[in-house]
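Have a look at the structure below, then the notes.
Protein chains: 2
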Amino acid sequence: MAPSETLTAERILEATEEVLRRHGPAKATVVDVARALGVSHGSVYRHFRTKAALREAVTKRWLDRTSQELAGIVAEQERDPEQRLRAWLRALFDAKRRKAGHDPELFATYMVLTRESGEAVPEHIADLTSQLTDIVRAGLDAGTFTATDPAVTARAVFQATGRFHDPCYADEWEAPGVEAEYEAVVDLVVRGLRGA
Amino acid sequence: MAPSETLTAERILEATEEVLRRHGPAKATVVDVARALGVSHGSVYRHFRTKAALREAVTKRWLDRTSQELAGIVAEQERDPEQRLRAWLRALFDAKRRKAGHDPELFATYMVLTRESGEAVPEHIADLTSQLTDIVRAGLDAGTFTATDPAVTARAVFQATGRFHDPCYADEWEAPGVEAEYEAVVDLVVRGLRGA
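Heads up: the sequence lines are chains A and B, in that order.
Under the working numbering, the first residue of the first sequence is numbered 1, with each subsequent residue one higher.
Under the working numbering, the first residue of the second sequence is numbered 1, with each subsequent residue one higher.
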């Protein structure tokens, strides 16, 4: 690290991702991260008190990139809720598929990290379903959706579309026919939201 | 094996499941199966030409138990299609949860076998979605469901409810709240089938 640059948490997390990419999750150490930054490992520990905390933070940062990308769609108040929901589900599927497809080794690394992480994944899912709840609530306000409890319905929408965002299906995301399957599930879910 | 008993494929498969239960998928061999039956391994090979064929057949048998259990619900012509659909999804969830929960070691063994199997899982999924297609078609005939293509819609229903039958979610099936989640997803899907 050039001495003039301040060692921020963000710079450590960037370096950690790079070290994970290079060494894989089993071998990457805090010493590797410190070496990549040209600092002592003590400097890294001043920002993240344990290796586990550093790994959790880098996982959270990776997951947050997706939620931040989607938050913009929730905020598009001028679009009707059904269009916003379709755009949101599409953006989620595209983001996850891109992560899995463009850099499969880093994706596999993060799959290891998410399994060992205590809070990062439940927090990520809570973020996403909370975004979905806002869209469902907007649809109720507009009178285009039917639901007794927006949060419960949002979680059902999230779970019903899991095939197109849950990493356990990553191997299917480039299969022929997956787009038609995606459309059929989203149409079914949207019709369910319109309700009777 | 008592000499008076005929060595049938079914008896070999029963013994194979028992050997798998005892030795696990990595160690179970055709010789173990033959020994359990008191026959030569040549006798086993006369029914199943390779170890892979035997493993595929025992996997198929395990999966078929579930589809056979569900086939009865599809045939209950006197129940209205929505009730049949709800009963079918419930029976599928219960059957998978029972398999995962009552004998976790055998379930883990079959998870290994299904991953190495070429055709057993796709055939099982095709069986189940074909049963669902019959129910969706019955709902169209009765005028209670809306769908342009019953097979496409049936696959969407199957995929939208995957959280409650796909083994990749087995760890969640005993979690608190899973019943409420199940109900919310099934209600959403059923409302989607009633359509607009």
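Even glycine gets a Cβ: it sits at the ideal position worked out from N, Cα and C.
{"query": "With a cut-off of 8 Å on the beta carbons, I'd call residue 204(A) and residue 160(B) a contact; round off their distance for me.", "result": "Here chain A comprises residues numbered 1 to 196, so residue 204(A) is not present and cannot be evaluated."}
{"query": "Closest Cβ-Cβ distance between residue 14(A) and chain B: below 8 Å?", "result": "no"}
{"query": "Could you list which residues in chain A have their beta carbon closer than 9 Å to that of residue 133(B), in chain order?", "result": "In chain order: nothing, as chain A lies at least about 13 Å away."}
{"query": "Give a single yes or no on whether residue 136(A) has its beta carbon closer than 7 Å to a heavy atom of the ligand MN.", "result": "You won't find the ligand MN in this model; it holds no ligand whatsoever."}
{"query": "Since I believe residue 155(B) is in contact with residue 170(A) (beta carbons under 8 Å), could you give me their beta-carbon distance rounded to a whole number of angstroms?", "result": "Actually they are not in contact, since the Cβ atoms of residue 170(A) and residue 155(B) sit about 19 Å apart, beyond 8 Å."}
{"query": "Starting from residue 67(A) and walking both ways along the alpha helix (DSSP H), at which residues does that stretch end?", "result": "51-74"}
{"query": "Pick helix, strand or coil for residue 162(A), following the three-state DSSP scheme.", "result": "helix"}
{"query": "From which residue to which residue does the alpha helix (DSSP H) around residue 45(B) run?", "result": "41-47"}
{"query": "Short of 8 Å Cβ to Cβ, which residues in the segment 144-155 of chain B face chain A?", "result": "146, 152, 153 and 155"}
{"query": "Do the segment 128-146 of chain B and the segment 127-145 of chain A make contact, defined as three or more Cβ pairs closer than 8 Å?", "result": "no"}
{"query": "Could you check how far apart the C-beta atoms of residue 76(A) and residue 84(A) are, in whole angstroms? I think they sit under 8 Å.", "result": "6 Å"}
{"query": "Kindly list, in the order they appear in chain A, the residues whose Cβ is closer than 7 Å to that of residue 160(B).", "result": "160, 185, 188 and 189"}
{"query": "Using only CA atoms, which one of 165(A), 48(A), 56(A) and 193(A) lies nearest to residue 9(A)?", "result": "48(A)"}
{"query": "Does the distance from the CB of residue 217(A) to the CB of residue 36(A) come in under 8 Å?", "result": "Residue 217(A) lies beyond the residue range present for chain A, which begins at 1 and ends at 196; the question has no answer from this structure."}
{"query": "Enumerate in chain order the residues of its own chain whose CB-to-CB distance from residue 178(A) is below 7 Å, with the five nearest sequence positions on each side excluded.", "result": "172"}
{"query": "For residue 129(B), name the three-state secondary structure that DSSP assigns.", "result": "helix"}
{"query": "Around the C-beta of residue 124(B), are 16 or more other C-beta atoms found within 10 angstroms, so that it is buried, or is it exposed?", "result": "buried"}
{"query": "Distance cutoff 8 Å, beta carbons only. Does residue 30(B) sit that close to anything in chain A?", "result": "no"}
{"query": "Count the other CB atoms, across all protein chains shown, that sit within 10 Å of the CB of residue 119(A); report buried if there are 16 or more and exposed otherwise.", "result": "exposed"}
{"query": "Compare the C-beta of residue 139(B) with all C-beta atoms of chain A and state if any pair is closer than 8 Å.", "result": "no"}
{"query": "Give the residues of chain B in contact with residue 181(A), contact being defined as C-beta atoms less than 8 Å apart.", "result": "155, 156 and 159"}
{"query": "Given that residue 115(A) touches chain B, what residues does it touch there, using C-beta distances under 9 Å?", "result": "Those do not exist, as residue 115(A) stays about 11 Å from chain B at its closest Cβ, beyond 9 Å."}
{"query": "Measure the Cβ-Cβ separation of residue 204(A) and residue 44(A) and say whether it is below 8 Å.", "result": "A question about residue 204(A) goes unanswered here, because the residues of chain A that appear run from 1 up to 196."}
{"query": "So residue 150(A) packs on residue 163(A), CB below 8 Å; how close in whole Å?", "result": "Residue 150(A) to residue 163(A), Cβ: 23 Å. No contact."}
{"query": "What do you get for residue 117(B), buried or exposed, if any count of 16 or more other CB atoms within 10 angstroms of its CB means buried?", "result": "buried"}
{"query": "Of all the options 61(A), 11(A) and 93(A), which has the alpha carbon lying nearest to the alpha carbon of residue 39(A)?", "result": "11(A)"}
{"query": "Indicate whether residue 144(B) and residue 80(B) have their beta-carbon atoms separated by less than 8 Å.", "result": "yes"}
{"query": "Quick check: residue 19(B) and residue 26(B), are their CB atoms within less than 8 Å of each other?", "result": "no"}
{"query": "Shortest alpha-carbon distance to residue 21(A) belongs to which of 108(A), 166(A) and 56(A)?", "result": "108(A)"}
{"query": "Output needed for residue 111(A): all residues of its chain with C-beta closer than 7 Å, excluding positions within five of it in sequence on either side, in chain order.", "result": "167"}
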